[in-house]
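*Asks:* Under the working numbering, the residues of the sequence shown are numbered 7 to 134, in order.
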Amino acid sequence: EMRAAMAAMLRPLLIASALSLLTTSVDALSSASAASPSQAASKVSASSPSASPRNLLVLGGAGYVGREICAEAVSKGWSVTSLSRRGENPRPEIAALCDVKWMKGDIQDGALLRSLVADADAVVHAVG
């Protein structure tokens, strides 16, 4: 009982921390993707957004953490595809989620996963 109460209390803090890290990582990836390998390290620390949209694949994007990641990435200018069991926008009232391409499928489908990953510049695994 006490363990469940502590987990419920810590969950918002953990999600906020994860989203903060993701935001930094998404910005860094945007910046580094346009750089040559020798410039990538310095660009990652600069974290300036890229002018062209990048493609992000979010596995499990319909879940609580996944949808927050999708919304944050869209707000940063990424083109986002989400793969989930239902393949539907879980919160259509959130404008950023309406810009996500929702795909129905199973992450254990190797052919589907390979094709989606091939089109992505970055992948976030949020299944769970």
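We put the CB at the ideal spot given by N, CA and C, even for glycine.
Identify which residue in LEU89, SER81, GLY72 has its Cα closest to the Cα of GLY116.
*Replies:* The option with the nearest alpha carbon to GLY116 is LEU89.
*Asks:* Tell me, which residues are paired with ASN61 by DSSP?
*Replies:* Answer by DSSP bridge pairing, in chain order: SER85.
*Asks:* Look at the Cβ atom of VAL71, then the Cβ atom of ALA132, and state whether they are nearer than 8 Å.
*Replies:* Yes, these two residues count as a Cβ contact at 8 Å.
*Asks:* If I follow the unbroken alpha helix (DSSP H) through ALA102, where does it start and stop?
*Replies:* 101 to 104 is the extent of the alpha helix (DSSP H) around ALA102.
*Asks:* Of all the options GLU94, MET15, VAL123, which has the alpha carbon lying nearest to the alpha carbon of MET109?
*Replies:* The shortest C-alpha separation from MET109 is found at GLU94.
*Asks:* Would you give the residue range spanned by the alpha helix (DSSP H) that VAL123 belongs to?
*Replies:* From DSSP, the alpha helix (DSSP H) with VAL123 extends over 116 to 124.
*Asks:* Is VAL80 near the ligand HEM - that is, is its Cβ less than 7 Å away from at least one heavy atom of it?
*Replies:* Inclusion of the ligand HEM in the displayed structure is not the case, the ligand content being empty and no account of it being possible.
*Asks:* When you compare each of LEU63, LEU122, PRO98 to SER85 by their alpha carbons, which one comes out closest?
*Replies:* Minimum Cα distance to SER85 is reached at LEU63.
*Asks:* Taking only three categories from DSSP, how would you classify VAL133?
*Replies:* Looking at VAL133 - three-state DSSP - the assignment turns out to be coil, as it is neither helix nor strand.
*Asks:* Let me know the secondary structure DSSP gives ALA68 once reduced to three states.
*Replies:* Correct three-state label for ALA68: coil.
*Asks:* Candidates GLU7, ARG9, ALA14, GLY66: which alpha carbon is nearest VAL106's?
*Replies:* Nearest option by C-alpha distance: GLY66.
*Asks:* Let me check one thing: in DSSP terms, what residues is ALA128 bridge-paired to?
*Replies:* Bridge partners of ALA128: LEU62.
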